[in-house]
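Heads up: the sequence shown begins at 0 in numbering that gives the first Met the number 0, then just goes up one per residue. One structure is given here, and the rest of the page talks about it.
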Amino acid sequence: MANKKQPHKHGNLHEWVNKLKRIEEKTERLSLLSQLGQILNSTLDHREVRRRAMEAATQLMKAEVGSLLLIDEEKHQLYFEVALGDKEEAIKKITLNIGEGIAGWVAQNGEPLIINAPEKDPRFYKGVDEKTEFKTRNIICVPVKVKEKTIGVLEAINKKEGEAFDEEDLSLFTSLADQVAIALDNARLYQELEEMFFQTAESLADAIEKRDPYTGGHTQRVTTYSLGTAKYLSLKPVELRWLKISAVLHDIGKIGIDDQILRKPDRLNPEEFNQIKRHANMGAEIIDHIKQLKNIIPGIKYHHEQLDGTGYPEGLKGEKIPIIAKIVAVADTFDAMTTDRPYRKEMSKELAIKELKRISGTQLDQIVVEAFLKAYDKGEI
């Protein structure tokens, strides 16, 4: 009788092993979901949030392709904000009307869908496959909602190894979409605050410029030149932010310079020029009181330093001059040469370019000048 019960025990053991495997797999996926949520919310850069959302979608669903579609309310369309997979570039060119295709249905109804036989589902839109030469075998799609409002959809296509999407996938994917929504909303709020900050900074710079009738539009041009130059340098996103703020506020120290000096219609005498030179340190002192802006101080304080040590306020040389200050210096120099001053007429851009090349490596950083010239030659500044 003992022998007759043995297969039954083996059967139970097999079931328990499979059950443990399923529990382990589910635990691993929940752990992955938690990790992906932390990764999503570790940045406030909206482009980075969207890219990470795609990586999370494909990784969590073990899918070939993932995409995030956002709603354009004015056009009543969905557009592929980010796509991940072999057909990324082709996919990103496609738009869908709200209600069109699986993604359009999810956006319109605010409900998730699992479609494991798309060719049999009337909601499936073949146009995407036709335009990308891609074959959709199955798809899971969930709404991305902020405060109950659908702002887009998250989808994963073609579960690897030929498997079908199931309810467990849907539960995890819905949780991921909730975290994507939070990350996107946080990034949106941060972007709005950034824009508000830059508008305030630009208004301040504009107010300072109005005290000097000869520098109208100077700040805007220096900012444009600086960002155009930075495109050809290996700056990190956070450094680009510091550069932009530095360029906008590089002359903030002039707020402490006497109007008679700023408005003088003739060339400054040595004593007056020494007063003007104080604006670099004064600007740094003003910003030093704002904890969140300490990283822009080098761009404000040192944008008049020169490679050979003949600049001010500290006579820094070579690599001791911060890269952001070097970029603002090139932009500031070019704009100064190509705009009218009370004691001289503006220089043509062609002559200004020749002058930049001449002082490159002595007064201005050669690599930065070369980057500026690349942007200039391509009509980007």
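In this text, a Cβ means the ideal position worked out from N, Cα and C, and glycines have one as well.
C-alpha distance - residue i paired with residue j, whole-angstrom precision
{"i": "Gln107", "j": "Glu72", "result": "12 Å"}
{"i": "Gln76", "j": "Asn96", "result": "4 Å"}
{"i": "Leu292", "j": "Glu304", "result": "21 Å"}
{"i": "Thr131", "j": "Gly98", "result": "21 Å"}
{"i": "His302", "j": "Ile254", "result": "17 Å"}
{"i": "Leu192", "j": "Ile244", "result": "14 Å"}
{"i": "Thr94", "j": "Glu47", "result": "22 Å"}
{"i": "Asp265", "j": "Asp205", "result": "23 Å"}
{"i": "Asn11", "j": "Phe164", "result": "28 Å"}
{"i": "Arg210", "j": "Pro312", "result": "23 Å"}
{"i": "Lys353", "j": "Asp376", "result": "13 Å"}
{"i": "Ala370", "j": "Thr218", "result": "20 Å"}
{"i": "Ser347", "j": "Ile260", "result": "26 Å"}
{"i": "Tyr124", "j": "Asn137", "result": "13 Å"}
{"i": "Ile275", "j": "Pro236", "result": "32 Å"}
{"i": "Ala200", "j": "Glu118", "result": "55 Å"}
{"i": "Gly314", "j": "Gly308", "result": "5 Å"}
{"i": "Thr135", "j": "Lys158", "result": "10 Å"}
{"i": "Lys263", "j": "Leu188", "result": "44 Å"}
{"i": "Lys3", "j": "Asp120", "result": "No answer about Lys3 holds up, because its pLDDT of 49 lies below 50 and its placement is not dependable."}
{"i": "Ala116", "j": "Tyr78", "result": "24 Å"}
{"i": "Leu372", "j": "Lys356", "result": "9 Å"}
{"i": "Lys92", "j": "Thr149", "result": "22 Å"}
{"i": "Ile323", "j": "Leu234", "result": "9 Å"}
{"i": "Ala1", "j": "Arg51", "result": "Residue placement at Ala1 cannot be trusted, given a pLDDT of 48 that sits under 50; what the coordinates show is reported in the next sentence. If I take the Cα positions, the gap works out to 57 Å."}
{"i": "Pro269", "j": "Ile358", "result": "23 Å"}
{"i": "Arg277", "j": "Phe197", "result": "25 Å"}
{"i": "Asn273", "j": "Leu267", "result": "9 Å"}
{"i": "Glu160", "j": "Glu129", "result": "23 Å"}
{"i": "Arg343", "j": "Glu194", "result": "36 Å"}
{"i": "Ser170", "j": "Glu162", "result": "17 Å"}
Chain-order list of residues whose beta-carbon lies under 8 Å from that of residue i (same chain, five-residue window excluded)
{"i": "Leu306", "result": "Lys316, Gly317, Ile320, Gly360, Thr361, Gln362, Leu363, Asp364"}
{"i": "Val221", "result": "Ala246, His249, Val327, Ala330, Asp331, Asp334"}
{"i": "Leu239", "result": "Leu226, Ala229"}
{"i": "Ile286", "result": "Leu248, Ile251, Leu292, Lys293, Ile295, Ile296, Ile299"}
{"i": "Leu203", "result": "Leu248, Ile251"}
Distance between beta carbons of residue j and residue i, contact taken as under 8 Å
{"i": "Gly282", "j": "Trp241", "result": "Wrong, their Cβ atoms sit about 14 Å apart, outside the cutoff."}
{"i": "Ile380", "j": "Gly216", "result": "Their Cβ separation, rounded to whole angstroms, is 14 Å, which puts Ile380 and Gly216 out of contact at 8 Å."}
{"i": "Gly100", "j": "Arg122", "result": "7 Å"}
{"i": "Leu175", "j": "Ala62", "result": "That belief does not hold up - the Cβ atoms of Leu175 and Ala62 are roughly 12 Å apart, past 8 Å."}
{"i": "Val145", "j": "Ala180", "result": "5 Å"}
{"i": "Met60", "j": "Asp184", "result": "With 8 Å as the limit, Met60 and Asp184 do not qualify as a contact, their Cβ atoms being about 23 Å apart."}
Residues near residue i in its chain [Cβ-Cβ closer than 6 Å; skip 5 each side]
{"i": "Thr338", "result": "Glu345"}
{"i": "Val367", "result": "Lys325, Ile326, Val329"}
{"i": "Glu80", "result": "Arg49, Leu67, Leu69"}
{"i": "Asp257", "result": "none"}
{"i": "Val105", "result": "Leu112, Cys140, Pro142, Val152"}
{"i": "Glu271", "result": "Ile260"}
{"i": "Glu284", "result": "none"}
Of the listed residues the options, nearest to residue i (C-alpha basis)
{"i": "Glu110", "options": "Asn294, Val367, Asp184, Glu147", "result": "Glu147"}
{"i": "Ile114", "options": "Glu166, Lys92, Thr149, Tyr78", "result": "Glu166"}
{"i": "Leu112", "options": "Gly126, Thr173, Gly65, Lys159", "result": "Thr173"}
{"i": "Gln178", "options": "Val143, Gln190, Leu169", "result": "Val143"}
{"i": "Phe133", "options": "Leu183, Ile156, Leu234, Ile323", "result": "Ile156"}
{"i": "Leu350", "options": "Asp168, Met336, Arg343", "result": "Met336"}
{"i": "Met53", "options": "Ala182, Ile358, Asp120", "result": "Ala182"}
{"i": "Gln58", "options": "Glu154, Gln198, Arg187", "result": "Glu154"}
{"i": "Thr223", "options": "Gly65, Gly126, Gly378, Val64", "result": "Gly378"}
{"i": "Val127", "options": "Pro269, Thr149, Val64", "result": "Val64"}
{"i": "Asn396", "options": "Glu162, Lys74, Glu129, Gly310", "result": "The structure shown has nothing for residue 396, since the chain only spans 0 to 380."}
Same chain, Cβ closer than 7 Å to residue i, neighbours up to 5 away in sequence not counted
{"i": "Ile289", "result": "none"}
{"i": "Ala374", "result": "Gly227, Thr228, Lys230, Tyr231, Ile380"}
{"i": "Glu208", "result": "Thr214, Gly215, His217, Thr218"}
{"i": "Lys74", "result": "none"}
Proximity test, Cβ basis, 7 Å: residue i and chain D
{"i": "Val329", "result": "The displayed structure is made up of one protein chain only, and chain D is not part of it."}
**Prompt:** Enumerated in chain order, which unbroken segments of the alpha helix (DSSP H) with a length of 4 residues or greater are wholly contained in the stretch 228 to 295?
**Reply:** 236 to 248, 258 to 261, 269 to 286
**Item:** 4-residue-minimum alpha helix (DSSP H) runs that sit fully inside the stretch 61 to 117, ordered along the chain
**Value:** 87 to 90, 100 to 108
**Item:** Contiguous alpha helix (DSSP H) assignments of at least 4 residues, all confined to the stretch 134 to 212
**Value:** 166 to 208
**Asked** Going along the chain, which unbroken runs of the alpha helix (DSSP H) with 4 or more residues stay wholly within the stretch 292 to 355?
**Response** 296 to 300, 322 to 336
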